[in-house]
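> In order, the protein sequences belong to chains E and D. Just so we're aligned: 91 in numbering that gives the first Met the number 0 is position 92 of the first sequence, and the numbers increase by one with no gaps anywhere. Just so we're aligned: 280 in numbering that gives the first Met the number 0 is position 281 of the second sequence, and the numbers increase by one with no gaps anywhere. All C-beta atoms in this analysis are idealised placements derived from N, C-alpha and C, irrespective of residue type, glycine included.
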Amino acid sequence: MPHQSENYQAVTDPILSVGQLRKSFVVEDTLTQRFRRLLSREAPSRVMALNVEGFSVARGETLGILGESGSGKSTLARVLMGIYEADGGQAKLGGREVIGVSGQERMAVLRQMQMIFQDPFGSLDPRMTVRQIIAEPLKIHGIKPEGGMEKMLQQALHEVGLEPGALERYPSEFSGGQRQRIGICRALILSPSLIIADEAVSALDVSVQAQILELLMQLRVDRQLSLLFISHDVAVVRQISDRIILLYHGHLVEELPADRLIDGAHHPYTRRLLESAMYLREGNPLKVRPQSIAPVFPAEGCCYRNICPLQTAECGKAPPLLQIGENHRVACWHHG
Amino acid sequence: MLKIQNFSLQLRATDGRLLPVLENISLEVPAGRCLGIAGESGSGKSVLAMNIAGLFPEAVVSARSGQIEFAGQVLTGADEATWQKFRGRRIGFIFQEPMTAMNPLMTLYEQISETVYAHEPKSARELVDAKVRQALLRAGFSDPDRFLHSYPHQLSGGMRQRAMIAMALVMEPDLIIADEPTTAIDAELQVQLLAELRAQIENEGRTMLFISHDLGVIRAVSDHLAVFYCGCLVENGATSQILASPAHPYTADLVSALPRLIAERKLPVAIPGSLPAPDRKPSGCVYSDRCRFVQEKCRKIRPHSELLPDGRRVACFYPLKS
Chain E
0 MPHQSENYQA VTDPILSVGQ LRKSFVVEDT LTQRFRRLLS REAPSRVMAL
50 NVEGFSVARG ETLGILGESG SGKSTLARVL MGIYEADGGQ AKLGGREVIG
100 VSGQERMAVL RQMQMIFQDP FGSLDPRMTV RQIIAEPLKI HGIKPEGGME
150 KMLQQALHEV GLEPGALERY PSEFSGGQRQ RIGICRALIL SPSLIIADEA
200 VSALDVSVQA QILELLMQLR VDRQLSLLFI SHDVAVVRQI SDRIILLYHG
250 HLVEELPADR LIDGAHHPYT RRLLESAMYL REGNPLKVRP QSIAPVFPAE
300 GCCYRNICPL QTAECGKAPP LLQIGENHRV ACWHHG
Chain D
0 MLKIQNFSLQ LRATDGRLLP VLENISLEVP AGRCLGIAGE SGSGKSVLAM
50 NIAGLFPEAV VSARSGQIEF AGQVLTGADE ATWQKFRGRR IGFIFQEPMT
100 AMNPLMTLYE QISETVYAHE PKSARELVDA KVRQALLRAG FSDPDRFLHS
150 YPHQLSGGMR QRAMIAMALV MEPDLIIADE PTTAIDAELQ VQLLAELRAQ
200 IENEGRTMLF ISHDLGVIRA VSDHLAVFYC GCLVENGATS QILASPAHPY
250 TADLVSALPR LIAERKLPVA IPGSLPAPDR KPSGCVYSDR CRFVQEKCRK
300 IRPHSELLPD GRRVACFYPL KS
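#1: Nearest to Leu136/D by CA position, among Ala162/D, Ala117/D and Glu113/D, is which residue?
#2: Val268/D CB to nearest chain E CB: under 8 angstroms?
#3: Out of curiosity, what's the CA-to-CA distance linking Arg219/E and Glu213/E?
#4: Answer yes or no: does any C-beta atom of chain D fall closer than 8 angstroms to that of Glu281/E?
#5: In chain E, what lies closer than 7 angstroms to Ile111/D by C-beta?
#6: Give me, in chain order, the residues of the same chain whose beta-carbon lies closer than 6 angstroms to that of Asn235/D; leave out the 5 immediate sequence neighbours on both sides.
#7: Below 7 angstroms on C-beta distance, what does Ala48/E contact in chain D?
#8: What number of angstroms, rounded off, separates the C-alpha of Thr75/D from the C-alpha of Pro19/D?
#9: Could you check whether the Cβ of Glu187/D sits closer than 8 angstroms to any Cβ belonging to chain E?
#10: Who are the near neighbours of Met166/D in its chain, counting only those whose CB is closer than 7 angstroms to its CB and skipping five residues on each side?
#11: Could you tell me whether the Cβ atoms of Leu34/D and Leu21/D are closer together than 8 angstroms?
#12: Suppose the cutoff is 8 angstroms on Cβ atoms and the five residues either side in sequence are ignored; what does the same chain contact list for Ser61/D look like?
#13: For the 8 angstroms Cβ check, are there 3 or more pairs between the stretch 197-207 of chain E and the stretch 39-50 of chain E?
#14: Measuring CB to CB, does Ser342/E end up less than 8 angstroms from His248/E?
#15: Does DSSP put Gly87/D in a helix, in a strand, or in coil?
#16: Taking the beta carbon of Gln19/E as the centre, do at least 16 other beta carbons fall within 10 Å, making it buried, or is it exposed?
#17: Which of the three DSSP states, helix, strand or coil, is assigned to Thr128/E?
#18: If you draw a straight line from the alpha carbon of Ala194/D to that of Asp185/D, how long is it in whole angstroms?
#19: Can you have a look at Glu254/E and say buried or exposed, based on whether 16 or more other CB atoms are within 10 angstroms of its CB?
#20: Hey, out of Pro125/E, Ile183/E and Ile188/E, whose CA is closest to Leu342/E's CA?
#21: Taking the continuous beta strand (DSSP E) assigned at Leu17/D, which residues delimit it?
#22: Does the beta carbon of Gly156/D come closer than 8 angstroms to any beta carbon on chain E?
#23: Arg259/E and Arg264/D look like a contact to me (Cβ under 8 angstroms); what is the Cβ gap, rounded to whole Å?
#24: DSSP three-state call for Gln238/E: helix, strand or coil?
#25: Applying a beta-carbon distance threshold of less than 8 angstroms, which residues of chain E neighbour Ala219/D?
#26: Using the beta-carbon count (16 or more within 10 Å), is Gln223/E buried or exposed?
#27: Which residues of the stretch 253-280 of chain D have a Cβ closer than 9 angstroms to any Cβ of chain E? Give them in chain order.
#28: Short check: CB of Glu198/E to CB of Ile229/E, under 8 angstroms?
#29: Using C-beta distances below 6 angstroms, list every residue in its chain close to Met112/E, excluding the 5 sequence neighbours before and after it, in chain order.
#30: Quick check on the DSSP output: the beta strand (DSSP E) that includes Tyr228/D runs from which residue to which?
#31: So with CB distances below 8 angstroms, who are the chain E contacts of Val216/D?
#32: Would Asp309/D count as contacting chain E if we go by Cβ distances under 8 angstroms?
#33: Hey, could you find the ends of the alpha helix (DSSP H) Ala76/E is sitting in?
#34: What residues in the stretch 31-46 of chain D bring their beta carbon closer than 7 angstroms to a beta carbon of chain E?
#35: Any beta carbon of chain D sitting closer than 8 angstroms to that of Leu320/E?
#36: Quick one, which of Pro302/D, Ile300/D, Phe292/D and Arg301/D has its alpha-carbon nearest Lys320/D's?
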């Protein structure tokens with residue numbers, strides 16, 4: 000593992016700085032395996048879902064997190080939000096420790112950091128009215144708005160483009176795009192400084208997707224929000240982000256400015272993602288026909304080497320995350 | 000191969016409201032070609048697909064007119080026995096969500112062979128085995144035997160989606176209806192699945208109806224394109240032609256809403272407003288309340304689909320010039 004990234008700070012005024020964050024899960028096994036394990040007192044086998052080197056998000060910045068399903072991007076969001084407990088590592092939000100804290104400390108973190116979820120149907124309680132949904136974070140954090148609750152809720156609704164009448168209605172009465180607005184409204188009501196959006200537009204039609212992206216960009220300017228924008232969609236991430244980090248099998252393999260993504264990406268994984276995205280978005284011809292591969296991740300060395308076209312003997316050693324330009328880091332022995 | 004003529008469908012909601020969900024749809028898909036159907040959720044594209052496959056719940060239908068003809072046989076109004084000869088055998092359906100469309104208690108082999116036994120109950124086991132393997136190979140499983148006895152939850156998302164394709168292909172249907180088969184999955188996997196589907200058209204001569212809200216995906220897989228808005232067909236013609244220069248303002252807006260990967264980095268352009276409910280459609284052109292180029296006439300009269308000199312059909316009084 001690279002050492003220089005432990006104290007890595009790309010930005011001068013970070014709202015969030017993360018250092019070497021790790022999370023693994025117990026592999027679900029069969030009953031017989033579990034029984035045998037119990038007898039032999041073996042520890043259950045674990046799979047590493049997240050092992051990211053340090054990165055940070057500047058105040059008012061949008062950091063895109065790009066990767067395929069299984070790359071660890073949702074795990075990262077959930078570890079930061081405290082939904083999963085990290086195995087180790089640190090993360091600081093505005094100077095406050097995020098990892099391994101509980102009780103009052105965690106509540107203080109969550110006031111500053113809120114999340115928008117992917118599924119606009121599953122993430123809103125169908126038996127709560129919009130009023131209850133939006134007011135719930137205020138209630139949990141014991142906040143009594145100065146101008147009165149009603150005024151605050153009305154303002155919040157207006158800000159995300161919903162009609163005042165929406166307060167008394169139930170989530171089922173809204174379309175997918177409107178529900179996502181409700182989810183955004185709930186995330187904003189505490190006036191957090193950082194929003195984590197986990198595939199916030201992936202389940203929406205393109206026309207609605209564009210509306211929600213527009214809203215997020217507007218809110219970002221109005222409220223000087225920092226945004227951690229997680230998605231598997233290369234085009235969407237590139238459009239909304241200032242910088243982008245790429246995750247592969249839980250590792251940070253490349254970090255670069257969004258402007259550099261198309262012609263400045265160095266990691267072979269980044270370039271592979273770009274190839275299929277360029278084909279789907281722009282109709283560019285495919286240079287290589289993608290094969291159906293279920294990658295087997297190597298136990299050591301570069302996590303990508305099993306399917307990498309550039310693989311050499313050197314790749315048996317894990318490549319350090321090297322700074323190769325301004326805001327540009329890459330973990331590959333063959334970069335450039 | 001597939002011919003839809005003046006097809007209209009009106010539903011009755013639980014509260015008694017009458018909902019015209021499809022209006023006067025006329026479309027043809029020649030054999031060995033792929034027709035892409037684009038539109039937002041609520042535009043009626045899935046309803047049409049389910050009507051072609053005889054999967055639409057009759058209980059909610061209040062009126063239906065026009066006809067759907069497949070391989071010379073009129074399917075609208077056919078009895079269940081006729082439907083059973085077509086559905087699953089000559090018309091294969093790929094559903095959007097493998098997790099809800101597959102039975103969690105059945106192995107891959109059981110799910111796929113079920114279709115074979117339903118149509119040919121007395122099939123010899125070896126024959127069924129061969130068909131299941133063949134279908135899995137066609138859907139891109141390089142080693143079908145490894146997964147035959149897996150349950151859906153043991154497969155990755157991509158494999159489940161491939162299994163759905165195998166289920167639709169096992170009886171070697173002439174027509175494949177794919178309803179958003181690649182929505183919300185990784186780009187690389189999408190590209191792979193689209194290549195498998197495209198191979199079915201080009202190498203096996205099958206006909207396909209491919210439904211998606213993503214015009215990028217439709218460009219990759221289809222020869223012809225039909226754009227739906229609010230239960231109406233607003234534009235149809237050759238896919239490449241329509242995407243290069245949309246004639247209907249809605250198609251143009253849909254194209255601008257696509258996230259791009261070009262040098263200039265700008266946000267996709269959102270279409271203001273939202274799709275009206277089927278019983279609240281504007282009385283003139285269905286797109287008149289959201290259209291950037293709306294004229295007085297558009298608000299009063301509903302335009303019919305007209306043939307343009309370049310061969311496509313557009314339902315607009317003032318089609319955009321390329």
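For this structure:
#1: Ala162/D
#2: yes
#3: 10 angstroms
#4: yes
#5: Within 7 angstroms Cβ-Cβ: nothing; Ile111/D doesn't reach chain E, min ~18 angstroms.
#6: Ala225 and Arg312
#7: The contacting residues do not exist; Ala48/E stays about 15 angstroms from chain D at best.
#8: 17 angstroms
#9: yes
#10: Gln110, Ile111 and Thr114
#11: no
#12: Gln9, Leu10, Arg11 and Leu17
#13: no
#14: The structure shown does not extend to residue 342/E, since chain E is modelled only from 0 to 335, so the question has no answer here.
#15: coil
#16: buried
#17: coil
#18: 14 angstroms
#19: buried
#20: Given that chain E is displayed from residue 0 to residue 335, the structure contains no residue 342/E and the question cannot be resolved.
#21: Leu17 to Val28
#22: yes
#23: The Cβ separation is near 11 angstroms, so there is no contact.
#24: helix
#25: Tyr278, Leu279 and Gly282
#26: exposed
#27: Leu253, Ser255, Ala256, Leu257, Pro258, Arg259, Leu260, Ile261, Ala262, Arg264, Lys265, Leu266, Pro267, Val268, Ala269, Ile270, Pro271, Ser273 and Leu274
#28: yes
#29: Leu92, Pro191 and Leu193
#30: His223 to Tyr228
#31: Leu279
#32: no
#33: Lys72 to Met80
#34: Glu39 and Ser40
#35: no
#36: Phe292/D
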